[in-house]
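Residue numbering for the sequence shown follows UniProt numbering, beginning at 1 and increasing consecutively.
Note that CB positions come from ideal geometry on N, CA and C, so glycine has one too.
Everything numeric in this text was worked out from a predicted model, so none of it was measured.
Worksheet: one structure, shown below.
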Amino acid sequence: LVLHYIACHQQHDKGAGTVEGLTTHGTYLKNLLRQARRLTSTALSLVSLFAEEANRLNREDEASRLKALCSFIRQQSDQAKRGEDAASYGHTKADLISFLGGLAVSGAIKMVSKNKQLSAFADYLLENPISKERPFGMVLVCIGPKGLPDGVEVVSISRLARESDRQECDVINELQQRGYLLFSEEAFSLLVDRLINDVLEGRLLLPISVEKLTEIKTASYLEPEFNDSE
């Protein structure tokens, strides 16, 4: 546009002192001004289009991150459940061996002893296995203070209960009191589907805080998985 103006200016420079030359020169300036305005309007439109496209790509990228997170959590959950199955099998096998050993000891005592106290102890061993029942199999998705996606992990509630010699409900209550959100794998998958839709529609941006997730979970069809009263 500038080069075009220079060329036009050089072309009419000789006649610039005449009325006709001034009129022609003014016409060229008006045309150049109209073109400049048109180009400015086009540039502003392109800037708006580029910004809109950048936002769309960012939303799609965040939605892809949520999909990848859901897939990763599903794999971690499956792995934790397999670990629980193995631990349960090992515990059951140990219980069986212990029970058979106790049965043999009790039978031997009753056979060789005429002492009533020893005989009563043998009966107690038969009726009351030494090993108490242990919790197995409860695996949940836990969202901590960092929110989503960085604060998400898979937690074996049963393993924590076994290690601390507590009930599973006690472990759940403690985590909830510390501000953690707990989901089954299925409920977490439904939550992520909802979040992906909100992100693509521009209603949400990552990261998503625990407070925001609590609002979404409470206000939607996704009721809290566990209550403190359990």
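message: How far does the alpha helix (DSSP H) with glutamate 163 in it extend, from its first residue to its last?
response: 157-164
field: CA nearest to the CA of threonine 180, picked from Thr214, Glu201, Arg166
entry: Looking at the sequence shown, residue 180 is not threonine but tyrosine. For the residues Thr214, Glu201, Arg166, the minimum Cα distance to tyrosine 180 belongs to Thr214.
- request: Could you tell me whether the segment 31-50 touches the segment 134-151, where touching means 3 or more Cβ pairs closer than 8 Å?
  value: no
message: Can you give me the C-alpha to C-alpha distance between valine 171 and isoleucine 196, rounded to a whole angstrom?
response: 30 Å
message: In the DSSP output, which residue or residues are listed as bridge partners for glutamate 153?
response: Cys142, per the DSSP bridge assignment.
message: When you compare the CB positions of serine 158 and glycine 144, do they come within less than 7 Å of one another, or not?
response: no
field: Cβ-based burial, lysine 217 [other Cβ within 10 Å; buried from 16]
entry: buried
- request: Report the residue from Leu200, Leu44, Lys212, Val210 whose alpha carbon sits nearest the alpha carbon of lysine 67.
  value: Ranking Leu200, Leu44, Lys212, Val210 by Cα distance to lysine 67 puts Leu200 first.
- request: Please work out which residues of its chain come closer than 8 Å, Cβ to Cβ, to serine 209, disregarding the five sequence neighbours upstream and downstream, and give them in chain order.
  value: Excluding residues up to 5 positions away in sequence, Gly147 lie with their Cβ nearer than 8 Å to the Cβ of serine 209 in the same chain.
field: Whole-angstrom distance between leucine 204 and glutamate 52, CA atom to CA atom
entry: 16 Å
message: Let's see if you can read the secondary structure: which residues bound the alpha helix (DSSP H) around leucine 191?
response: 185-200
- prompt: For isoleucine 33, does the count of other Cβ atoms within 10 angstroms reach 16, so buried, or fall short, so exposed?
  reply: Before going further, note that residue 33 is leucine rather than isoleucine in the sequence given. Burial call: exposed.
message: By the three-class DSSP mapping on this structure, what secondary structure does leucine 182 have?
response: strand
task: Mind reading off the beta-carbon distance from isoleucine 73 to valine 155? Whole number of angstroms is fine, and I expect it under 8 Å.
output: At roughly 11 Å, the Cβ-Cβ gap does not stay under 8 Å, so isoleucine 73 and valine 155 are not in contact.
query: Excluding the five sequence neighbours on either side, which residues of its own chain have a C-beta within less than 6 Å of the C-beta of leucine 69, listed in chain order?
result: Pro149
- prompt: Taking the C-alpha atoms as reference points, what is the distance between serine 184 and aspartate 85?
  reply: 17 Å
- prompt: How long is the line joining the alpha carbons of tyrosine 28 and serine 45, rounded to whole angstroms?
  reply: Those two C-alpha atoms are separated by around 26 Å.
- request: Please determine, among Gln76, Leu175, Lys212, the residue with the shortest C-alpha to C-alpha distance to leucine 191.
  value: Lys212
query: Does the separation of the CB atoms of leucine 206 and glutamate 60 fall below 7 Å?
result: No, they are not a contact pair.
- prompt: Which residue comes first and which comes last in the alpha helix (DSSP H) that contains glutamine 177?
  reply: Where glutamine 177 is concerned, the enclosing alpha helix (DSSP H) starts and stops at 168-177.
message: For arginine 82 and proline 135, I'd like the C-alpha separation in whole angstroms.
response: So the two alpha carbons sit approximately 15 Å from each other.
- request: Count the other C-beta atoms from every protein chain shown that fall within 10 angstroms of the C-beta of alanine 161, then say buried if there are 16 or more, exposed otherwise.
  value: With 16 or more other Cβ atoms from the protein chains shown falling within 10 Å of its own Cβ, alanine 161 counts as buried.
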